[in-house]
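Asker: Got a structure for you, questions after.
Residue numbers (my numbering): 905 to 1149.
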């Protein structure tokens, strides 16, 4: 009887330690999940869902949080494996596994979404640059149409970021006008030439980042999809032990 009592006591202590380990593992998992979700939450402010820049920033935050989020989900599921008789651990593990399936689908949707948002953002930036060039061309055209010094002074003074105009010019009006037009035309050509390599580099950088993010999203989606809930609940630990499984 003493031997049976000692074995029973050791068995209870072992089960107690196993339950404590499961709780520790589950707690660590929830901490990782909370940390990942909080980083996504704070990256969503200010909330501008329809803006492509916001969409790209949110996608980047989601992908950055994928690894700790996946590890947290794995720990929560592993906690139930350590104690198959705990219904609370089972319910929480099922909740995480159900959410993992939907998160995997979200990661797959990120692939086309980031391409769409990136193309919109680059298109808006290029449109803004083209508008700036158009305004410079209009300034040159308007300046070339001035007929006298006073008209040129009045027009330059009306510009938003106009240069400081001296009280008296050191040359006749036609000479000053010719210098100003030559200077503006040179600046316009330099700006236009510099935009071409900048735009090409911008597209190369975007395509590289989009390719890397797509691969990462697909790999993370595979990991989360592997955690999807099973149709049947695993058999209790005592049932498996009694049958030598």
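Think of the CB as a built atom: it goes at the ideal place given N, C-alpha and C, for glycine as much as any other residue.
Buried or exposed for residue 987, please, with buried defined as at least 16 other CB atoms from any protein chain shown within 10 angstroms of its CB.
Answerer: Buried, because 16 or more other Cβ atoms sit within 10 Å of the Cβ of residue 987.
Asker: When the Cα atoms are used, what is the spatial distance from residue 1073 to residue 1057?
Answerer: For residue 1073 and residue 1057, the distance between alpha carbons rounds to 11 angstroms.
Asker: Our contact map puts residue 1107 next to residue 1026 with C-beta atoms below 8 angstroms; I'd like the distance itself, whole angstroms only.
Answerer: Contact holds; Cβ gap of about 7 angstroms.
Asker: With C-beta atoms as the reference, is residue 1018 less than 9 angstroms away from residue 960?
Answerer: Yes; because the gap between Cβ atoms is below 9 angstroms, this pair is in contact.
Asker: Under a three-way DSSP split, which group does residue 1068 fall into?
Answerer: Of the three classes helix, strand and coil, the one that applies to residue 1068 here is coil, per DSSP.
Asker: If you draw a straight line from the alpha carbon of residue 939 to that of residue 1061, how long is it in whole angstroms?
Answerer: Taking the straight line from one Cα to the other gives about 55 angstroms.
Asker: I need the straight-line Cα distance from residue 1047 to residue 1092, nearest angstrom please.
Answerer: Straight-line Cα distance between these residues: approximately 14 angstroms.
Asker: Since residue 990 and residue 923 are thought to touch, with beta carbons under 8 angstroms apart, how far apart are those beta carbons, to the nearest angstrom?
Answerer: Yes, they are in contact, since the Cβ atoms of residue 990 and residue 923 sit about 7 angstroms apart, within 8 angstroms.
Asker: Using only alpha-carbon positions, find the residue among 992, 1095 and 928 that is nearest to residue 1033.
Answerer: That would be 1095, whose Cα lies nearest to the Cα of residue 1033.
Asker: On the DSSP letters alone, give me the boundaries of the alpha helix (DSSP H) that residue 1120 sits inside.
Answerer: That run of the alpha helix (DSSP H) goes 1077-1129.
Asker: Using the C-alpha atoms, what's the distance from residue 1023 back to residue 921?
Answerer: Their backbone Cα atoms lie some 55 angstroms apart in a straight line.
Asker: Which class does residue 995 belong to by DSSP, given the choice of helix, strand or coil?
Answerer: Residue state, collapsed to three classes: helix.
Asker: How is the alpha helix (DSSP H) around residue 1058 delimited, first residue to last?
Answerer: Residues 1053-1062.
Asker: Which residue from 975, 955 and 1015 puts its Cα closest to that of residue 932?
Answerer: Ranking the options by Cα distance to residue 932, first place goes to 975.
Asker: Could you check whether the segment 1119-1128 touches the segment 963-973, counting it as contact only if at least three pairs of C-beta atoms, one from each stretch, sit closer than 8 angstroms?
Answerer: The segment 1119-1128 vs the segment 963-973: in contact.
Asker: Using beta-carbon positions only, say whether residue 1128 and residue 1005 come within less than 9 angstroms of one another.
Answerer: Yes, they are a contact pair.
Asker: Would you call residue 1151 buried or exposed, if buried means 16 or more other Cβ atoms sit within 10 Å of its Cβ?
Answerer: With the chain represented from 905 up to 1149, any question about residue 1151 goes unanswered, as that position is not in the structure.
Asker: Helix, strand or coil for residue 1001, going by three-state DSSP, please let me know.
Answerer: In the structure shown, residue 1001 sits in a helix (DSSP, three-state: H, G or I).
Asker: How big is the Cα-Cα spacing for residue 1078 and residue 1098?
Answerer: Distance between the alpha carbons of residue 1078 and residue 1098: 30 angstroms.
Asker: By the three-class DSSP mapping on this structure, what secondary structure does residue 950 have?
Answerer: In this structure, residue 950 counts as coil in the three-state DSSP scheme.
Asker: Do you know offhand how far residue 929's Cα is from residue 1020's?
Answerer: About 40 angstroms.
Asker: Can you tell which of 1029, 1010 and 1066 has the C-alpha that lies nearest to the C-alpha of residue 1102?
Answerer: Selected option, being the one with the closest Cα: 1029.
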